[in-house]
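Visitor:
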Amino acid sequence: RTLLELEYQRWGLPWHMPRWNYGRMLHELALADYITIPSAFVRESMSAQGLPLHKLIEIPFGVDPARFSSSRKTGRPVRFLFAGQVSIRKGVPYLLEAWKRLKLPGSELWLAGRMMGDFAAIRHRWAEVDGVRFLGHSSALPAIFQQCDVFVFPSIEEGSALVTYEALAGGLPVITTPNAGSVVRDGQEGYIVPAGDIEALCERMEQLRGSPSLREAMARAARLRAEEYSWDRYQKSLTEAYYAIACKTP
Numbered sequence: 178r179t180l181l182e183l184e185y186q187r188w189g190l191p192w193h194m195p196r197w198n199y200g201r202m203l204h205e206l207a208l209a210d211y212i213t214i215p216s217a218f219v220r221e222s223m224s225a226q227g228l229p230l231h232k233l234i235e236i237p238f239g240v241d242p243a244r245f246s247s248s249r250k251t252g253r254p255v256r257f258l259f260a261g262q263v264s265i266r267k268g269v270p271y272l273l274e275a276w277k278r279l280k281l282p283g284s285e286l287w288l289a290g291r292m293m294g295d296f297a298a299i300r301h302r303w304a305e306v307d308g309v310r311f312l313g314h315s316s317a318l319p320a321i322f323q324q325c326d327v328f329v330f331p332s333i334e335e336g337s338a339l340v341t342y343e344a345l346a347g348g349l350p351v352i353t354t355p356n357a358g359s360v361v362r363d364g365q366e367g368y369i370v371p372a373g374d375i376e377a378l379c380e381r382m383e384q385l386r387g388s389p390s391l392r393e394a395m396a397r398a399a400r401l402r403a404e405e406y407s408w409d410r411y412q413k414s415l416t417e418a419y420y421a422i423a424c425k426t427p
């Protein structure tokens, strides 16, 4: 709530959040003996708000690697991809601002996902930026991954965005933020940049655009990382956590 309120202020937009839902969520967190969480970002956020660490059980989400191929279609421009709701929350304004500054000749930026009203209200700010393509919502994300080279997801606030796991499974280097709650490791499967940091986005996008060998190495690492996070692994970890709790409960 705090992060999003600040973002809406930054872009000059009104902020609304249902108060009944917010209050109910806080009440449920207070009542719970244990809370399963998917990322370090969630753990740090909850701890900062006073939730005791012993309540929190961190188990990252998963992906089905078999749904995705890490093969690439070549002989085209270097292509960056964002996938998700095209919105303030997902950090899309920062991505477009970085793209505007970079002016990368012969490169493209694709955005796959439904455009939300908050972003639609400010979309005109980047109307003249070249090389940007809004694909809209698509159920063919695995095929879109194969047509792109780098996944960029500069989210402001997530639990652990499933699309980052999917991008890894699709063999894409991932540039994202700590706030996305991903399992990407900085410098291995991609890069972690601070949320809202346009300069850092520019630097890492330019770095990956200019080095095919780096993209290839990170693409291989990305696929291997995704294979570590299958849904079978998630099921096993969750079952073990519940069993451990049951065994120590009187």
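Residue numbering for the sequence shown follows the working numbering, beginning at 178 and increasing consecutively. Just so it is clear, CB atoms sit at the ideal spot from N, CA and C, and this is done for glycine as well.
#1: Work out the CA separation of Ile214 and Ala338 for me, nearest whole Å.
#2: Tell me the start and end of each unbroken alpha helix (DSSP H) in the segment 332-359 that is at least 4 residues and wholly inside, in chain order.
#3: Note the first and the last residue of the continuous beta strand (DSSP E) segment covering Ile321.
#4: Within 10 Å of its beta-carbon, does Gly268 have 16 or more other beta-carbons around it, so buried, or fewer, so exposed?
#5: Is the beta carbon of Leu312 closer than 9 Å to that of Ala289?
#6: If contact is defined by three or more beta carbon pairs under 8 Å, each pair taking one atom from either stretch, is the segment 230-239 in contact with the segment 250-265?
#7: With C-beta atoms as the reference, is Leu349 less than 9 Å away from Ala399?
#8: Which residue comes first and which comes last in the alpha helix (DSSP H) that contains Glu376?
#9: If contacts are defined as beta-carbon pairs under 8 Å, then Val340 and Ala260 qualify, I think. What distance do you get, rounded to the angstrom?
#10: Give the C-beta separation of Arg408 and Ile299 to the nearest angstrom, bearing in mind that I take them to be a contact with Cβ-Cβ under 8 Å.
Guide: On the basis of the coordinates in this document:
#1: 12 Å
#2: 339-346
#3: Element bounds for Ile321: not the beta strand (DSSP E) but the alpha helix (DSSP H), Leu318 to Gln323.
#4: buried
#5: yes
#6: no
#7: Taking 9 Å as the Cβ cut-off, Leu349 and Ala399 qualify as a contacting pair.
#8: Ile375 to Arg386
#9: 5 Å
#10: Here residue 408 is Trp; the residue named in the question, Arg, does not match the sequence. Between the beta-carbon of Trp408 and that of Ile299 there is about 37 Å, and that puts the pair past the 8 Å contact cut.
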